[in-house]
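Report on the structure given below.
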Amino acid sequence: MLPEYFEFSLPTKLIYGFGILKNIGHAVAPFGKRRAILVTDKILLKAGPAEMVKEGFNGTDIEIVCTYSNVPPNSAVKTVMQCARLAKKHECDMVIAVGGGSVMDTAKVANLLVVKGGKIEEHMGAYLLDPNDLLLPSIFIPTTAGTGSEVTKIAVIADPDNDVKLPFAEEQFLPHMAILDPEVTLPMPGRLTATTGMDALTHAIEAYVDKEWSPASDALAIHAIRLISGNILQACAHPEDIQARGAMLVGSFLAGVAFSHSMVGMTHGISHALGGVYHIPHGLANALVLPEVMEYNLDARMGRFSDIAIAMGVNFPQIVEQGASLLKANMRPDFVTKALDSIEVARQWFDIQSFKVKGLAIDAMETLSFIDQWFRKQAAKAGIEKVRMLNRQLAYLTGMPLDLKSAGIDDNLARLEQVATTAMEDGSMLYNPREPDRESVIRIVRKLYRTRVKPAPVSEKDLLSIGTRLEKKDLKDVFKDSEMLYDILLDFYERLKTDPGIGPALRKSGLCVQFVYKNPEAVITIDATKEAPLIIKGAFDGKPDVTMTMNADFAHLFWHGKANLVSALTRRQVTARGNLPKTLKLLPILNPAYEMYPRYLREKGLGHLVLG
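The following block contains the structure:
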């Protein structure tokens, strides 16, 4: 069944890749000459990601003319006003945000103030801008995998004077470009990885069960749930794992797009209230509240919660094992008891013929429907317990608090009524699949304050083992000058020409391929148009079938078999002029070269250049 109406759009251009900030010039070239304000926080300014971004933009037409780094963990009205004034002072016409949700929310609303002026409270609300109103071009670079703010049209700013959070929603908040580089998330501490990751998981789960779901948001949310739940423990236990970090970053992005279209629900309503009244960090509040709200919403979205459980790895045998005792207690026939002795027999038990054999006077199809519903409910419940267990495991790995008292509430919930009032007034409550009520909010918050849960140990078996560890070897400026490049690559290409596996295929191709290298500069042409292929240094009088231009370091990476040429063309690490499809057909025959090149370097006494 489809909803009666839904919309979907994603005007933000997204770029993903490890280390892509070091070679971002081609991606930002369409923006032309710009004067940008860099919005970040003091920790990121010191830890390295902000400096990495500055270096990445060096040599582009975008000049970072000022930096605002006073963004707190929960951005406030004063913060946004200061940021906007700084941008106006330096006549900025672009906003670059480097950080987590608070940084990006600050950048969004500050951008609005720079263009429209006035007080921040005057702009609070949803879709107040005219569709033709334009904000300054913006580029967002998330350093946490949690908020998804790089692809959402929503911002939340704290008003500490009134203990509330001010909501903003504008289509124009969507940045023109989002850059996802897992390298900038590597310094993120374990507890922050845990809480921001659970924030992203909350976005995905609430997007999937809320009232405004759509087929598009469903697809994104379910895949986000798979990525986040399957990688969050690994990212916390092994923060250097590139694959886990990348999966979390992409999962956060997908969840952000999903909830930007279907919204969030009661979990966020309560979390916003806990943040506004007690200043509980948003990701931590979501982590604690999420399983309680899932339980509250269970009957309203049972089928969808079972989908979520399966996406998180809950499988059929687990459900049967967990629910066997319940079935035995409520359905007494001997064949049921025997059926539950094994999964296969259990499946046979559901066969229509078994009902006939036993002579049961019931409609088989109705019974099968009941069984299906029962299993889906057990799956949904198992999914809720999976979230609770994730919290306990994250607490073991990172020290993440598991109750509101440990999270910092030390007044015995003296302001509980204020929390309940604030939560019930939160716009997120409108999208919850089950109507929220004040008593349930109070009950959930009290439970989270009083309940004491112990961390759950995590073994290596619980973690993903497929992660790719960060390559420590620096690839920058492998070839010190043009002479060194010619010395290494000319001789290597001669070996390829005479290799019994590669040489004949090269001659048969009849291709003429020219390589133009940069940093250092060099030109080498492989001309196989004649009976005996030629390797030519420098200028070439003929017309190559294709001319490929690349950084010399990329060539070094490629001949190690560690670079994807097709991907490099998409990322503009390599540019090609001429008959590229014909040339790409040579790639399969080059496989032996990836073993030859490291061996060749060692023979030349250059073993220190060989990559691990």
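Just so you know, the sequence shown maps onto residues 501 to 1112 in the working numbering.
Note that the Cβ used here is the ideal one computed from N, Cα and C, for glycine as well.
Distance from the CA of residue 715 to the CA of residue 502, rounded to the nearest whole angstrom, comes to 7 Å. Secondary structure note for residue 562: it is in no alpha helix (DSSP H), and the uninterrupted beta strand (DSSP E) holding it is 562-568.
Rounded to the nearest whole angstrom, the C-alpha separation of residue 540 and residue 564 is 13 Å. Where residue 540 is concerned, there is no enclosing beta strand (DSSP E), because DSSP gives it neither an H nor an E.
Residue 1047 is bridged by DSSP to 1014 and 1077. When rounded, the separation of the alpha-carbon atoms in residue 1060 and residue 736 is 31 Å. In this chain, the alpha helix (DSSP H) harbouring residue 604 covers 601-616. Closest option to residue 900, judged by alpha-carbon separation, among 556, 506, 689 and 583: 689. Nearest Cα to residue 616 within the set 672, 657 and 597: 672. Of 531, 1045 and 654, the smallest CA-CA separation from residue 1084 is found for 1045. Excluding the 5 residues flanking it on each side, residue 956 has same chain C-beta neighbours closer than 8 Å at 889, 892, 893, 895 and 896, in chain order. Apart from sequence neighbours up to five positions away, the residues of its chain that approach residue 879 with a beta-carbon distance below 7 Å are 806, 809, 810, 814 and 819, ordered along the chain. The DSSP-derived three-state label of residue 694 is helix.
Taking the C-beta atoms as reference points, residue 641 is found nearer than 7 Å to residue 553. By DSSP's assignment, residue 514 forms a beta bridge with 678. Here residue 952 carries a coil assignment [DSSP, helix/strand/coil]. For residue 729, the enclosing alpha helix (DSSP H) has its first and last residue at 715-737. In the DSSP assignment, residue 990 falls within the alpha helix (DSSP H) that extends over 982-998.
Its chain contains 681, 682, 683, 742 and 746 as the residues whose beta carbon lies nearer than 8 Å to that of residue 518, once the 5 sequence neighbours on both sides are disregarded; these appear in chain order. If you draw a straight line from the Cα of residue 1099 to the Cα of residue 996, it comes to about 13 Å. Sequence-distant Cβ neighbours of residue 1049 in its own chain, meaning closer than 6 Å and more than five residues away, are 1016 and 1075. A straight-line Cα-Cα distance of about 22 Å links residue 1019 and residue 1094. For the 7 Å CB-CB criterion, residue 762 and residue 710 form a contact. For residue 889, the secondary structure class from DSSP, reduced to helix, strand or coil, is helix.
For residue 906, the secondary structure class from DSSP, reduced to helix, strand or coil, is coil.
An exposed status is given to residue 1066, since fewer than 16 other beta-carbon atoms sit within 10 Å of its beta-carbon.
Secondary structure note for residue 771: its alpha helix (DSSP H) is the uninterrupted segment 766-778. Contact check between the segment 625-639 and the segment 688-706: fewer than three CB pairs, one atom from each, fall below 8 Å, which does not count as touching. Rounded to the nearest angstrom, the Cβ distance from residue 944 to residue 778 is 14 Å, too far for a contact under 8 Å. A contact between stretches requires three or more CB pairs, one per stretch, nearer than 8 Å, and the segment 1022-1034 fails this requirement with the segment 930-950. Take residue 898, set aside five residues on each side of it, and the residues of its chain with a beta-carbon closer than 6 Å to its own are 690, 691, 694 and 736, in chain order.
Around the beta-carbon of residue 703, 16 or more other beta-carbon atoms lie within 10 Å, marking it buried. Boundaries of the beta strand (DSSP E) harbouring residue 669: 664-669, taken from the DSSP string. Beta-carbon to beta-carbon, residue 675 and residue 512 are separated by about 5 Å, close enough to satisfy the 8 Å threshold.
Remark: C-beta atoms of residue 587 and residue 620 do not approach each other more closely than 7 Å.
In the three-state DSSP reduction, residue 1086 falls in the coil class, being neither helix nor strand.
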